[in-house]
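Each step along the sequence shown adds one to the number in full-length UniProt numbering, with nothing skipped, and position 202 is 202.
Backbone N, C-alpha and C fix where the C-beta goes; we use that ideal spot for every residue, glycine too.
These figures come from a predicted structure and were not determined experimentally.
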Amino acid sequence: MKPRTPRLDFPSPDAPYDKASAAEPLTMHPEVVSAINHIVAACGQMATIVQAPFLTLCDASMGYHLPSCMRFLEATHTVEILRDAGAAGMHIKQIAQINGTDADKLGHILRLLATHHILREVSPNVFANTRISSFMDTGKTVANILGRYKKYEDTNGIAAFVGLCSDELFKSSAYLTEAYALTPHTKYSHAPTHAPFNFAFATDKQFFAGLAAVPNPNALRLERFGKAMVGSSAWETPGAILNGFDWAGLAPGDIVVDVGGGIGSASMVLAEAFEHLNFVVQDRAVVVEMGRKAWETRCPELLTTGRAKFQCTCLKPVTNASVFLLRVILHDWPDAFAQRILLQLREVASDSTRLIIADHVLPLACADDFQVLEQGVQGAERQLARPPLLANLGKASANAFWMDMTMQVTFNGQERTLREIVALCLSAGWKVTKVTRAPGSLFGHIVAHPVAVPPARRRARAGSGAIRTASGIPIPLGAEDQAMVERSMTPTFGSCVALPRAGTARAGRRHLSQRSDPKVPPLPMKGRMDFSPAVRRAPKGPPEVRAPVGSSRMRSGSGVGSPSPAMRTGMGSPAMRRMRSMSTVGGAKTRIDGERGSGIPRASPAPRLLS
Numbered sequence: 001m002k003p004r005t006p007r008l009d010f011p012s013p014d015a016p017y018d019k020a021s022a023a024e025p026l027t028m029h030p031e032v033v034s035a036i037n038h039i040v041a042a043c044g045q046m047a048t049i050v051q052a053p054f055l056t057l058c059d060a061s062m063g064y065h066l067p068s069c070m071r072f073l074e075a076t077h078t079v080e081i082l083r084d085a086g087a088a089g090m091h092i093k094q095i096a097q098i099n100g101t102d103a104d105k106l107g108h109i110l111r112l113l114a115t116h117h118i119l120r121e122v123s124p125n126v127f128a129n130t131r132i133s134s135f136m137d138t139g140k141t142v143a144n145i146l147g148r149y150k151k152y153e154d155t156n157g158i159a160a161f162v163g164l165c166s167d168e169l170f171k172s173s174a175y176l177t178e179a180y181a182l183t184p185h186t187k188y189s190h191a192p193t194h195a196p197f198n199f200a201f202a203t204d205k206q207f208f209a210g211l212a213a214v215p216n217p218n219a220l221r222l223e224r225f226g227k228a229m230v231g232s233s234a235w236e237t238p239g240a241i242l243n244g245f246d247w248a249g250l251a252p253g254d255i256v257v258d259v260g261g262g263i264g265s266a267s268m269v270l271a272e273a274f275e276h277l278n279f280v281v282q283d284r285a286v287v288v289e290m291g292r293k294a295w296e297t298r299c300p301e302l303l304t305t306g307r308a309k310f311q312c313t314c315l316k317p318v319t320n321a322s323v324f325l326l327r328v329i330l331h332d333w334p335d336a337f338a339q340r341i342l343l344q345l346r347e348v349a350s351d352s353t354r355l356i357i358a359d360h361v362l363p364l365a366c367a368d369d370f371q372v373l374e375q376g377v378q379g380a381e382r383q384l385a386r387p388p389l390l391a392n393l394g395k396a397s398a399n400a401f402w403m404d405m406t407m408q409v410t411f412n413g414q415e416r417t418l419r420e421i422v423a424l425c426l427s428a429g430w431k432v433t434k435v436t437r438a439p440g441s442l443f444g445h446i447v448a449h450p451v452a453v454p455p456a457r458r459r460a461r462a463g464s465g466a467i468r469t470a471s472g473i474p475i476p477l478g479a480e481d482q483a484m485v486e487r488s489m490t491p492t493f494g495s496c497v498a499l500p501r502a503g504t505a506r507a508g509r510r511h512l513s514q515r516s517d518p519k520v521p522p523l524p525m526k527g528r529m530d531f532s533p534a535v536r537r538a539p540k541g542p543p544e545v546r547a548p549v550g551s552s553r554m555r556s557g558s559g560v561g562s563p564s565p566a567m568r569t570g571m572g573s574p575a576m577r578r579m580r581s582m583s584t585v586g587g588a589k590t591r592i593d594g595e596r597g598s599g600i601p602r603a604s605p606a607p608r609l610l611s
């Protein structure tokens, strides 16, 4: 008689997240993931169908309150406060006494979150954590957090990720229309310094350059961004990179170049699984030094035997690479910049070199017309779901589209559809042949091989720092551009900023084999953050079409609760008064209504996409 398989309930939404629960790992089983995605997609679509159109518009137009409340939840450490209260919860007066907030305001904020199932209102004005809110619990005591202000150290990065998204990223998104529709000098610009981020924080620095601003870097924001990347790296299914390419098919001694590989997390997983391969991890000098020290502690034999080495990107590219790995690099850049990076790699690639791009692959909201499939891309899918569901599984796929807009409002970058990736690669002499995605994930690994670089229809003027492709296409590279194409975005969204745990490769293989395809004082003022300048100004010009420095440092600000001047004006801000009012830009009153003489300088031409 066969033993009965024990039945497990789906993890309760009202209980704290328990990673030791036998049910939690099952939520990642491929069949369960597929069912979850279809349930989420169907419920989201059904709600839209049956709800009054005006209420759906209200959800879409007033949803800004949710990330605002999420930021409040994280910044006031309410999740950690509620942890000790358990299922019984805690009254808002007790919570407010601990985190130094107004109890009445606190209650309304927490109730909105409970209405969205983030928290649970146990009884009137008594709130408790749920499976969702507890997932962002740092595990630290409140006294420890408020005393040392090291909230994000030694955590899974989720609290840091929530703080990042609901602060600088949320504020940047609010200025999308100003940057892309209402300002003629930026709406067609793809310069990284003309992103909505630059409007939101009135800076002419690109996001990463702002993080690297010295003197007086904002230590808390620096720490938060780095730790947030620990959380964002969860987009990629553990061990998915092992199935992203036929690594076993490479010859002994073949070299894998991990471009912008950080401290070598992905390379370490591969090195553990494929002992016949050698690895070169490229990044900025400071990151290279960090990576080398980490490997000397964890696996020194890989360095001493020469199987792995670290290389500063200011050095010449590796010319004998079998594989170039670009993990979460291209999504930081508009096409013209991304093309330059790919052209640099194409210039030193041999006929047998392979390119692997690891990024989100956005599915269309309709069925594909097979044009991409006709390109011979193995693994391309016409649709993720059958009618009546949206072809891209709608709400179930929302995270990838959230990230697409995040890259746009932050860098003027983007996540890309497969057809966009194919076109971008072809423009730089790479032909996409295969894409792999773990079931339930839109994070993919795209494989491409070298082809002839297409002739340029528009010949760029070759400056003193220009290089030429094998087809003779000049790529003008000034000092800033040269730094840009050599620079690696570490850390960046989705980057691995910690080494994998021992045995990750083996665990990843097992995981993939299951898949069908593969009284405490109030909050201290010290350490609070703000980007806001003393005087509100629009992005300067002419803009610097430059690469970000990429270090996680931000300019010091006035405090976490200090919104920028434009934000304090709310609906009365210059942009909201029909774009007819006067705005102070650089000390002078200037119209920003789209007429000639706008206070935002005209952009100098951004690099064009060579076609």
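Query: Does DSSP put F386 in a helix, in a strand, or in coil?; Result: The displayed chain sequence assigns Arg, not Phe, to residue 386. Residue state, collapsed to three classes: coil.
Query: Out of K151, E80, A87, E275, which one is the CA nearest neighbour of V126?; Result: A87
Query: Does the beta-carbon of V453 have 16 or more other beta-carbons within 10 angstroms, so that it is buried, or is it exposed?; Result: buried
Query: In three-state DSSP terms, what is W333?; Result: coil
Query: Checking the sheet assignment: what are the DSSP bridge partners for F310?; Result: V281
Query: From G444, L442, V447, A438, pick the residue whose C-alpha is nearest to that of P30; which is it?; Result: A438
Query: Looking at the structure shown, is R536 part of a helix, part of a strand, or coil, going by DSSP?; Result: For R536, the predicted model reports a pLDDT of 39, less than 50, meaning its position is unreliable; a value from the coordinates is still stated below. R536 falls in the coil class under three-state DSSP.
Query: Kindly list the residues whose CB is nearer than 6 Å to the CB of L384, restricted to its own chain and excluding five residues on each side of it in sequence; keep chain order.; Result: P363, N392, L393
Query: Quick check: the Cα distance between N412 and T353, rounded to an integer number of angstroms?; Result: 30 Å
Query: Spatial neighbours of I81 within its chain, please: C-beta separation below 8 Å, excluding the five flanking residues on both sides.; Result: M90, I95, I98, N99, V142
Query: Indicate the three-state DSSP secondary structure (helix, strand or coil) for G239 in the structure shown.; Result: coil
Query: Hey, how far is the Cα of G465 from the Cα of L182?; Result: For G465, the pLDDT reaches just 36, beneath the cut-off of 50, and the residue's location in the model is therefore unreliable, leaving the point undetermined.
Query: Helix, strand or coil for G444 per DSSP?; Result: strand
Query: I want to know whether the stretch 310-322 touches the stretch 255-264 - three or more CB-CB distances under 8 Å.; Result: yes
Query: At the level of alpha carbons, what is the spacing between D204 and A191?; Result: 11 Å
Query: Alpha carbon to alpha carbon, how far is A273 from R515? Give it in angstroms, no decimals.; Result: Residue confidence is low: R515 scores 43 on pLDDT, short of 50, so the model does not pin down where it sits. No coordinate-derived value is stated.
Query: May I ask you to report which of helix, strand or coil DSSP gives H117?; Result: coil
Query: By Cβ distance below 8 Å, which residues in the same chain neighbour A271 in space, the five residues on each side in sequence not counted?; Result: L277, F279, C299, L302, R307, A308
Query: In the DSSP assignment, what are the bridge partners of A128?; Result: R120
Query: Which two residues bound the contiguous alpha helix (DSSP H) that contains I81?; Result: 78-83
Query: From the DSSP secondary-structure annotation, give me the bridge partner or partners of M90.; Result: F127
Query: To test your reading of the DSSP string, which unbroken alpha helix (DSSP H) runs of 4 or more residues are found completely within the stretch 20-55?; Result: 23-26, 30-50
Query: Three or more beta-carbon pairs under 8 Å between the stretch 157-176 and the stretch 46-57, yes or no?; Result: no
Query: Consult DSSP for I263 and reduce its assignment to one of helix, strand or coil.; Result: coil
Query: With distance defined between alpha-carbon atoms, name the residue in I118, T76, R120 nearest to D102.; Result: T76
Query: Where DSSP assigns a beta bridge to H360, which residues make up the other side?; Result: F443
Query: My assumption, with CB atoms under 8 Å, is that F225 sits in contact with L164. Please give the rounded CB distance.; Result: 6 Å
Query: Give me whichever residues DSSP pairs with R327 in a beta bridge.; Result: A358
Query: Since L389 contacts Q51 with CB under 8 Å, what's their CB separation in whole angstroms?; Result: Not confirmed; about 17 Å, so no contact.
Query: Just tell me which of H331, K431, D359, I329 has its CA closest to the CA of V377.; Result: K431
Query: Under the three-state reduction of DSSP, which class applies to D108: helix, strand or coil?; Result: In the sequence as displayed, the identity of residue 108 is His instead of Asp. If DSSP states are grouped into helix, strand and coil, H108 belongs with the helices.
Query: Name the residue from V32, G444, G239, M405 whose alpha carbon lies nearest to the alpha carbon of A380.; Result: G444
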